[in-house]
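Protein sequences appear in the order of chains X and A.
Residues 0 to 155 (numbering that gives the first Met the number 0) make up the first sequence, in order.
Residues 0 to 256 (numbering that gives the first Met the number 0) make up the second sequence, in order.
Okay, so here's the structure we're looking at.
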Amino acid sequence: MDGLFEFGVPALLLVIGYFAGTMAEQTHYKEIRVRELRLRRMPTTNLRRPPPHWRVREVALVTGCTVISVDYFKRFLAQLRGFVGGRVRSYESLLDRARRESVLRMKEEAAQGGFDAVINVRLESSNVSSPLRRRNGTTGVEIIAFGTAVKLARQP
Amino acid sequence: MEPLENNVSPESPLAELATLLLGIALIGLGILAAAWLAVEVSVRWLPPEWEQRVFPDATNGDPRARALGALAERLARHWPEHSYRLRVGVLEADEANAFALPGGQLLVTTALLAGVRSENELAFVLAHELGHVAGRDPLRALGRGLLVSLVMAAIGGAEEARVAASAAELGERTYSREQESAADRFALGLVAAEYGHVAGATDFFRRVADDAGGGWLATHPASADRVAELERLAAEQGWPLAGERTPLPRELEARPR
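Take a look at the structure:
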């Protein structure tokens with residue numbers, strides 16, 4: 000009975016984490032690719048200033064912020080990885096999704112406001128920890144993307 | 000521009016899990032094997048004098064302890080490499096059992112003393128525990144227990160280590176089948192040398208087997224197999240199975256409850 004609880008519950012959580020996590024990830028990626036395709040015509044750059052020939056008519060700050068949680072399976076894999084070192088592959092997709100989703104949200108905000116491009120784009124990340132989880136407080140990762148949306152004067 | 004999507008490794012996470020689990024298990028086994036070897040080697044090389052200094056006397060001043068000690072010393076005379084100063088104690092308990100502790104200490108429960116009918120029976124029980132002392136079994140069990148709690152502490156933390164420590168306490172009292180039969184062979188030799196025969200040696204187990212239970216069974220091998228094994232050994236060594244049983248010393252006679 001003791002063994003059932005000690006090993007059965009984590010094993011179940013691992014299985015749930017793997018399947019639920021994989022499903023959520025695949026759904027998310029499918030959605031990301033569609034939206035990236037839709038917005039790919041909007042120029043996005045980390046240059047601080049617009050190119051000299053642009054005639055900027057209006058600017059605004061646009062942001063996109065995403066928090067994505069680690070699933071039990073990924074956390075377990077990362078902990079195992081922590082024993083021996085090396086690339087933490089299980090967290091790579093997490094950060095990739097958060098980064099792309101944040102940039103998409105930022106661009107979507109710009110598109111909704113009728114802006115033509117986003118310049119001076121910056122990305123920042125931070126850990127989100129929960130007080131409920133005492134051991135290694137990471138429950139998820141937050142990535143914020145922000146930049147300056149610019150509206151250009153139409154050429155006559 | 001189509002995104003390259005090269006920020007996520009294409010390897011299957013399940014394959015990574017399998018590789019990591021296997022690798023870590025192998026490393027863990029290697030460390031455990033090395034530590035186990037270290038325990039074996041140190042148990043073999045630690046002098047009994049050191050062992051006796053480190054583990055202080057846990058025996059109490061029961062009046063029967065003196066007579067038991069005398070019997071143990073008599074048996075130990077037939078053990079040539081003997082260098083322990085034996086200490087025998089009596090443990091107040093309802094289960095008939097006997098233990099060997101590190102430092103050459105033997106403990107016999109009051110229930111066992113109440114159950115034995117002849118000195119030969121008691122001699123065999125004492126000699127069996129002496130066999131554990133000769134095999135350095137209590138020290139080895141302690142070392143292994145310590146090892147397990149160290150490993151658990153390294154993996155899990157204080158809580159797991161505490162659980163393992165109580166498991167180690169249990170481990171102190173149960174030995175492997177090989178350790179038990181080695182102690183039995185040793186004991187039968189001592190009893191044969193002391194009395195000239197091994198009659199009475201198996202009496203206790205026969206009765207325990209009839210009772211089916213008791214504390215001895217919880218920490219020792221099944222009695223019926225054991226009796227057969229002991230008789231086979233006696234026949235092999237030419238030790239007579241029949242002989243006159245020596246009555247218990249007056250101090251050890253069962254007192255009415």
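We put the beta carbon where it would ideally sit given N, CA and C, even for glycine.
Spatially closest choice to residue i from the options, by CA coordinates
{"i": "Gly242 of chain A", "options": "A:Phe203, A:Gly195, A:Val40, A:Glu94", "result": "A:Gly195"}
{"i": "Ala182 of chain A", "options": "A:Leu45, A:Ala153, A:Trp78", "result": "A:Trp78"}
{"i": "Glu91 of chain X", "options": "A:Glu4, A:Glu80, A:Glu120, A:Asp61", "result": "A:Glu4"}
{"i": "Ala152 of chain X", "options": "X:Phe82, X:Leu94, X:Asn119, X:Trp53", "result": "X:Trp53"}
{"i": "Ala66 of chain A", "options": "A:Leu121, A:Ala110, A:Gly114, A:Ser82", "result": "A:Leu121"}
{"i": "Arg52 of chain A", "options": "A:Tyr83, A:Ala186, A:Ala99", "result": "A:Tyr83"}
{"i": "Val147 of chain A", "options": "A:Arg225, A:Trp35, A:Ala17", "result": "A:Trp35"}
{"i": "Leu13 of chain A", "options": "X:Leu11, X:Leu12, X:Met41, X:Ser89", "result": "X:Ser89"}
{"i": "Gly63 of chain X", "options": "X:Glu123, X:Arg121, X:Ser101", "result": "X:Ser101"}
{"i": "Gly81 of chain X", "options": "A:Leu20, A:Ile30, A:Leu28", "result": "A:Leu20"}
{"i": "Ala110 of chain X", "options": "X:Pro51, X:Val149, X:Asn126, X:Ile67", "result": "X:Val149"}
{"i": "Gly88 of chain A", "options": "A:Glu80, A:Ala69, A:Asp224, A:Ala75", "result": "A:Ala69"}
{"i": "Asp70 of chain X", "options": "X:Ala144, X:Glu5, X:Pro9", "result": "X:Pro9"}
{"i": "Glu123 of chain X", "options": "X:Met105, X:Ala144, X:Gly113", "result": "X:Ala144"}
{"i": "Glu177 of chain A", "options": "A:Arg206, A:Arg249, A:Gly134, A:Gly27", "result": "A:Gly134"}
{"i": "Val197 of chain A", "options": "A:Arg206, A:Asp224, A:Leu232, A:Ala223", "result": "A:Leu232"}
{"i": "Arg39 of chain X", "options": "X:Ser125, X:Ala59, X:Asp115, X:Gly20", "result": "X:Asp115"}
{"i": "Glu118 of chain A", "options": "A:Thr201, A:Asp224, A:Thr58", "result": "A:Thr201"}
{"i": "Asp224 of chain A", "options": "A:Glu235, A:Ala234, A:Phe204, A:Pro239", "result": "A:Phe204"}
{"i": "Val55 of chain X", "options": "X:Ser125, X:Val117, X:Gly7, X:Arg74", "result": "X:Val117"}
{"i": "Val38 of chain A", "options": "A:Leu149, A:Ala95, A:Glu80, A:Phe123", "result": "A:Leu149"}
{"i": "Glu264 of chain A", "options": "A:Ala17, A:Gly188, A:Gly130", "result": "With chain A covering 0 to 256 only, the question about residue 264 of chain A has no answer from this structure."}
{"i": "Arg184 of chain A", "options": "A:Glu252, A:Leu229, A:Glu250, A:Phe54", "result": "A:Leu229"}
Beta-carbon contacts of residue i that lie in its chain and below 6 Å, excluding the five residues immediately before and after
{"i": "Tyr174 of chain A", "result": "Asp136"}
{"i": "Glu108 of chain X", "result": "Val61"}
{"i": "Arg98 of chain X", "result": "Ile142"}
{"i": "His27 of chain X", "result": "Arg96"}
{"i": "Leu90 of chain A", "result": "Leu106, Thr108"}
{"i": "Asn119 of chain X", "result": "Arg47, Gly146, Thr147"}
{"i": "Val87 of chain X", "result": "Ala77, Arg80"}
{"i": "Val115 of chain A", "result": "Leu121"}
{"i": "Arg206 of chain A", "result": "none"}
{"i": "Ala186 of chain A", "result": "Phe123, Ala126, His127, Gly130"}
First and last residue of the uninterrupted beta strand (DSSP E) at residue i
{"i": "Ala97 of chain A", "result": "97–100"}
Beta-bridge partners of residue i, as assigned by DSSP
{"i": "Arg121 of chain X", "result": "X:Phe145"}
{"i": "Met85 of chain X", "result": "It is worth fixing the name first, because residue 85 of chain X is Gly in this sequence and not Met. Its beta-bridge partners do not exist; DSSP assigns none."}
{"i": "Gly22 of chain A", "result": "Bridge partners of Gly22 of chain A: none, in fact."}
{"i": "Gly139 of chain X", "result": "X:Ser68, X:Val127"}
{"i": "Ala116 of chain X", "result": "X:Val149"}
{"i": "Thr43 of chain X", "result": "X:Val117"}
Contacting residues, own chain, Cβ-Cβ under 7 Å from residue i (five flanking each side not counted)
{"i": "Glu10 of chain A", "result": "none"}
{"i": "Ser68 of chain X", "result": "Thr138, Gly139"}
{"i": "Gly113 of chain X", "result": "Lys150"}
{"i": "Glu15 of chain A", "result": "none"}
{"i": "Tyr17 of chain X", "result": "Phe72"}
{"i": "Arg244 of chain A", "result": "Ser117, Asn119, Ala198, Gly199"}
{"i": "Leu13 of chain X", "result": "Tyr71, Phe72, Phe75"}
Boundaries (first-last residue) of the alpha helix (DSSP H) holding residue i
{"i": "Glu57 of chain X", "result": "Where Glu57 of chain X is concerned, there is no enclosing alpha helix (DSSP H), although the beta strand (DSSP E) it sits in stretches over 55–68."}
{"i": "Thr21 of chain X", "result": "8–38"}
{"i": "Asp224 of chain A", "result": "222–236"}
{"i": "Leu247 of chain A", "result": "Counting along the chain, Leu247 of chain A falls outside any alpha helix (DSSP H), and DSSP gives it neither H nor E."}
{"i": "Leu187 of chain A", "result": "176–194"}
Same chain, Cβ closer than 8 Å to residue i, five either side skipped, listed in chain order
{"i": "Pro47 of chain A", "result": "Ser82, Tyr83, Gly103"}
{"i": "Leu138 of chain A", "result": "Val42, Leu45, Glu50, Pro101"}
{"i": "Arg256 of chain A", "result": "The predicted model places Arg256 of chain A with a pLDDT of 43, which falls under 50 and marks its position as unreliable; any figure quoted below should be read in that light. Only Ala113 meet the Cβ criterion."}
{"i": "Ala92 of chain A", "result": "Thr108, Thr109, Ala110, Gly214"}
{"i": "Gly170 of chain A", "result": "Because Gly170 of chain A sits at a pLDDT of 49, beneath the cut-off of 50, its placement in the model cannot be relied upon, and the following sentence gives the value as read from the coordinates. Counting only Cβ-Cβ distances below 8 Å, and skipping sequence neighbours, we find Ala140, Arg143, Gly144, Val147."}
{"i": "Glu24 of chain X", "result": "Ser92, Arg96"}
Runs of alpha helix (DSSP H) lying entirely within the stretch 42–82 of chain A, each at least 4 residues, in chain order: 47–53, 62–75
Whole beta strand (DSSP E) elements within the stretch 86–154 of chain A, 3-residue minimum: 86–90, 97–100, 104–108
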